[in-house]
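Below is one structure, written out as structure tokens, with a few remarks after it.
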Amino acid sequence: METVEKTLLWLDDIRDLSKSEWKEYIVFSPIEQPFKIEWVKNYWEFVSWIVVNGLPEAISFDYDLSDFQAFKNGYPDLMEDVPWPENEKTGLDCVNWLIFYCTEKNIALPPFNCHSANANGKVLMNEQLMKYKNEFNEREIRKDEIRAGGSQPKQ
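Numbers in this note's numbering are just positions in the sequence shown, counted from 1, shifted up by 283.
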């Protein structure tokens, strides 16, 4: 019997879980081991990985995906007059793209976690992910009720 290996898509620009100094971050995985870790470091790698491979079994998100973002979030007073590069994408951009992808395909999100040290970014990502997850679950419940001859869809 062949074992299908689960995949954790790990979005983080710095924390490489294959390196000993970051191994402790494995506790942030939303699924239990064993699993294969696919490390993507930015928005474009994240999107490309999913487009090519489909949804992984789980995703863990970092918010700040560049040194610029981490510095800006750590020292906002020093960054007031520094122009924000338009092509800088955050973990929230990845979350929003993932929600768009799942909406278009009418599929549930995989299990997820936000391991970011950026507290505000973590809250924003979790709010978006939970909003989609709850809305998707409500739609599925309504579909089941309709199939079972229960309530009719709202017009």
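Glycine included, every Cβ here is placed at the ideal spot set by N, Cα and C.
No experiment lies behind these values; they were computed from the predicted model shown.
Check whether residue i and residue j have beta carbons under 8 angstroms apart
| i | j | result |
| --- | --- | --- |
| tyrosine 326 | lysine 372 | yes |
| serine 343 | leucine 291 | yes |
| alanine 506 | isoleucine 314 | Limits of the chain in this structure are 284 at one end and 438 at the other, which puts residue 506 out of reach. |
| tryptophan 332 | glutamate 321 | yes |
| serine 301 | asparagine 396 | no |
| lysine 324 | aspartate 347 | no |
| phenylalanine 329 | lysine 289 | no |
Euclidean distance between Cα positions of residue i and residue j
| i | j | result |
| --- | --- | --- |
| arginine 422 | serine 303 | 43 angstroms |
| alanine 353 | alanine 400 | Residue placement at alanine 353 cannot be trusted, given a pLDDT of 48 that sits under 50; the coordinates are not used to answer. |
| asparagine 336 | leucine 392 | 15 angstroms |
| proline 394 | lysine 416 | 10 angstroms |
Per-residue burial, residue i [other beta carbons within 10 Å of its own, 16 or more giving buried]
| i | result |
| --- | --- |
| isoleucine 429 | exposed |
| glycine 432 | exposed |
| leucine 361 | With a pLDDT of 48 at leucine 361, under the threshold of 50, the modelled position of that residue is not reliable, and no figure is offered here. |
| proline 339 | buried |
Bridge partners - residue i, DSSP secondary structure assignment
| i | result |
| --- | --- |
| phenylalanine 395 | Ile342 |
| lysine 319 | Thr290 |
Which listed residue (the options) has its alpha carbon closest to that of residue i
| i | options | result |
| --- | --- | --- |
| leucine 412 | Glu307, Asp427, Tyr384 and Ala431 | Tyr384 |
| phenylalanine 419 | Lys405, Ile382 and Pro339 | Ile382 |
| valine 406 | Asp345, Pro394, Trp380 and Asn417 | Asp345 |
Chain C within 8 angstroms of residue i, Cβ atoms only
| i | result |
| --- | --- |
| methionine 408 | Any reference to chain C falls outside this structure, which holds one protein chain only. |
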